[in-house]
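S.K.:
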């Protein structure tokens, strides 16, 4: 979102936040800031280019944000959203109601042609592509244009390969064997790395570039690839004497666009290629070349690691190839029991930690490999060892729902109440993710059911928030306190960990998410149905706003005040009408909602529905007798709001019902309607 100059509101938010000496805002705060800025702008443009290049969790966050943005309609604000992505991703992720404009390979043919011609000519002028025969030059251009299939990156890789040709005949050979698509191109790059002089350094560099939290400078990368995975220390003697970028066979490039010369992958599809499973024959080939200390680079099929007396892997283990401790981590993560047995037989350190402080037991537990966990426990692995984030093996197994692994760890006397850096226990994470079986095991072992994290939130809170009714019911049966007090004396139902946000209630959260069964469960346990947040917004308000009819019905049947007002004097009827939920509007009116209730600006539900062009809601309100001539504090009626926003059908509907429409059009106030095209 582009806005200039920086709004005073944003400056105040930043200044207030950094009083606490934080490094940055968290995700929820950033989203709230964007929503606040957008709500205070008449017209806001959001441009998101290359959504498919984001990680899956980032894609979901961004799409959820835009859905939230478009649902939370704000009067007098217009939002325009542009999202670009690959076509295959767009089709599979069509969540927003939007207009799509596909671009096909044929649309790019002229651009590809220009790119090929100019790049080939430029490389020849620079002396990088040496071709004597002009006919061969034409053949190169034709082959590249016809084989590109809309992929500029494919063209670049092939030109790079042709530049390595030592003669016209050699170039013809390269040209006759051009790979099809990017995957085959990347595969050839890997083969080139394997046959090169520094394959270990190259694959290590690829891992660093792929997973670094920020782009690395060339110097940083060259130092990083010398760091030992065991003690985390760099070894200058292992620093390559040749260019680290060059040994990566064009999969890594130097980015000059940011002015720092940082290193990045040639394209985001390179990372996708490197992370996909490898075919078994190729896996065997790489295993033979690199041995045990490179197991982390590839995925192997189950038959690739059969261990026989003459097995090359067994020989490597007996010879004590370097990085044995690190190899144990990898086989634990992958679940390779036989290889783990070999490594343990060679007396590798069972509790060695990687750079994140993780042990092999933690890696196996997190991945759910019961047999490896059992093997490591027999080898006296520390069951309560913590990584840098304070996570134990039990915590990670519980988080991922691995019941059998959790059972094993509990039998080994794992600390059931161990906390991570956010003071959350295994119970918190299991409840948050809805793993009822794991929660049952932990409760049977005597875990503290009311343990609170650093935001004063219990396992019950996380289960209810995420709609896990079965887990929430189990926790309540085991005595979870639904009215537990926080450090400030407010119940978690009211405050739910007050950290300067909305202070959302447990019931409020369940209603907002539409978790009907969780709402029912909480009401059965005596939760106060009238509880509200700082803005006096009740569970009924938010359920109506989100259009969760079943939850609204339930709350009304249980005695929720249908006419309760928030700080802006908005009722649940206002919220439902503003957001176009005609079925909820009808339900509220049947339960005697005040149809002509006004908010602090004098606006009725009819006014807000007309403002946003919700014709179905307007029709329901008119059928139920809503007054059409009620004016807000600016002297505008529902007809004004519909006309000013160009909602013609709503205008016609209101005109048919309002005798006062003609007077509004003729009088002084009628100037507001002057620009509307009446037909």
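Numbering (this note's numbering), first residue to last: 9 to 687.
Backbone N, C-alpha and C fix where the C-beta goes; we use that ideal spot for every residue, glycine too.
With a CB to CB cut of under 6 Å and the five nearest residues on each side skipped, what residues in its chain are close to residue 579?
M.R.: Hits under 6 Å: 571, 573 and 605.
S.K.: Any idea what DSSP makes of residue 546, helix, strand or coil?
M.R.: Residue state, collapsed to three classes: strand.
S.K.: Under 8 Å, do residue 490 and residue 533 count as touching if we go by C-beta distance?
M.R.: Closer than 8 Å, so yes.
S.K.: Kindly indicate which three-state DSSP category residue 64 falls into: helix, strand or coil?
M.R.: In the structure shown, residue 64 sits in a helix (DSSP, three-state: H, G or I).
S.K.: Taking the alpha-carbon of residue 143 as reference, which of 179, 466, 190 and 649 has the nearest alpha-carbon?
M.R.: Cα-wise, what sits closest to residue 143 is 179.
S.K.: For residue 177 versus residue 140, is the C-beta spacing smaller than 8 Å?
M.R.: Cβ distance not < 8 Å, so residue 177 and residue 140 don't count as in contact.
S.K.: Alpha carbon to alpha carbon, how far is residue 195 from residue 189?
M.R.: For residue 195 and residue 189, the distance between alpha carbons rounds to 10 Å.
S.K.: Using only CA atoms, which one of 622, 183, 633 and 641 lies nearest to residue 657?
M.R.: When only C-alpha atoms are compared, the closest one is 622.
S.K.: Taking residue 374 as the reference, give the member of 399, 488 and 654 with the closest Cα.
M.R.: That would be 399, whose Cα lies nearest to the Cα of residue 374.
S.K.: When we look at the beta-carbon of residue 38 and count the other beta-carbons within 10 Å, is it buried (16 or more) or exposed?
M.R.: Looking at its Cβ environment, which holds fewer than 16 other Cβ atoms inside 10 Å, residue 38 is exposed.
S.K.: Can you list, in chain order, the residues of its chain with a C-beta nearer than 7 Å to that of residue 348? Leave out the 5 residues immediately preceding and following it.
M.R.: Around residue 348: 336, 339, 340, 380 and 383.
S.K.: Who are the Cβ neighbours of residue 145 in its own chain at under 8 Å, not counting the five residues just before and after it?
M.R.: The answer, listed in chain order, is 128, 132 and 139.
S.K.: With residue 272 as the anchor, note down where its beta strand (DSSP E) starts and where it stops.
M.R.: Counting along the chain, the beta strand (DSSP E) containing residue 272 begins and ends at 270-273.
S.K.: Write down every uninterrupted run of the alpha helix (DSSP H) in the segment 184-251 whose length is 4 residues or greater and which is fully enclosed by it, in chain order.
M.R.: Whole alpha helix (DSSP H) segments, 4+ residues: 189-202, 207-219 and 226-232.
S.K.: In terms of alpha-carbon separation, which member of 611, 252 and 167 lies closest to residue 649?
M.R.: Out of 611, 252 and 167, 611 has the C-alpha closest to the C-alpha of residue 649.
S.K.: With 16 as the cutoff for other CB atoms within 10 Å, does residue 167 come out buried or exposed?
M.R.: It is buried - the Cβ of residue 167 has at least 16 other Cβ atoms within 10 Å.
S.K.: What are the complete beta strand (DSSP E) segments, minimum 3 residues, inside the segment 615-666?
M.R.: For the segment 615-666, not a single whole beta strand (DSSP E) run of length 3 or above is found.
S.K.: So, helix, strand or coil for residue 174, using DSSP?
M.R.: Residue state, collapsed to three classes: coil.
S.K.: Report yes if the C-beta distance between residue 163 and residue 156 is below 8 Å; otherwise report no.
M.R.: Yes; because the gap between Cβ atoms is below 8 Å, this pair is in contact.
S.K.: If I follow the unbroken alpha helix (DSSP H) through residue 260, where does it start and stop?
M.R.: Run containing residue 260: none in the alpha helix (DSSP H); it sits in the beta strand (DSSP E), 260-263.
S.K.: In whole angstroms, what is the alpha-carbon distance linking residue 519 and residue 469?
M.R.: Those two C-alpha atoms are separated by around 13 Å.
S.K.: Between residue 407 and the rest of its own chain, which residues show a CB-CB distance below 6 Å, the 5 nearest in sequence each way excluded?
M.R.: 437, listed in sequence order.
S.K.: With respect to the alpha helix (DSSP H) encompassing residue 277, which residues constitute its N-terminal and C-terminal limits?
M.R.: From DSSP, the alpha helix (DSSP H) with residue 277 extends over 276-283.
S.K.: Report buried or exposed for residue 483, applying the criterion of at least 16 other Cβ atoms within 10 angstroms of its Cβ.
M.R.: Looking at its Cβ environment, which holds 16 or more other Cβ atoms inside 10 Å, residue 483 is buried.
S.K.: Mark residue 362 as exposed unless 16 or more other C-beta atoms lie within 10 angstroms of its C-beta, in which case mark it buried.
M.R.: Label assigned to residue 362: buried.
S.K.: Whose C-alpha, out of 135, 136 and 151, is nearest the C-alpha of residue 124?
M.R.: Ranking 135, 136 and 151 by Cα distance to residue 124 puts 151 first.
S.K.: Mind pulling the alpha helix (DSSP H) runs of 4 or more residues that sit fully within the segment 329-381?
M.R.: Those alpha helix (DSSP H) runs which fall completely within the segment 329-381 and span 4+ residues are 332-342, 345-353 and 368-375.
S.K.: What's the C-alpha gap between residue 69 and residue 135?
M.R.: Looking at the two C-alpha atoms, the distance is approximately 47 Å.
S.K.: Do residue 397 and residue 360 have their C-beta atoms within less than 8 Å of each other?
M.R.: Contact flag unset, no.
S.K.: Please state the DSSP three-state secondary structure of residue 52.
M.R.: If DSSP states are grouped into helix, strand and coil, residue 52 belongs with the strands.
S.K.: Considering only C-alpha positions, which residue in the set 555, 471 and 262 is nearest to residue 530?
M.R.: The residue with the shortest Cα to Cα distance from residue 530 is 471.
S.K.: Going by DSSP, which residues form a beta bridge with residue 123?
M.R.: DSSP output for residue 123 lists no bridge partner at all.
S.K.: In the DSSP output, what is residue 89 paired with across the bridge?
M.R.: Partner(s): 54.
S.K.: Buried or exposed: where does residue 543 fall if 16 or more other Cβ atoms within 10 Å of its Cβ makes it buried?
M.R.: With fewer than 16 Cβ atoms within 10 Å of its Cβ, residue 543 is classed as exposed.
S.K.: Which one or two residues does DSSP pair with residue 540 in a beta bridge?
M.R.: Answer is 546, bridged to residue 540.
S.K.: What's the call for residue 244, buried or exposed, on a 16-neighbour Cβ count within 10 Å?
M.R.: Flag for residue 244 reads exposed.
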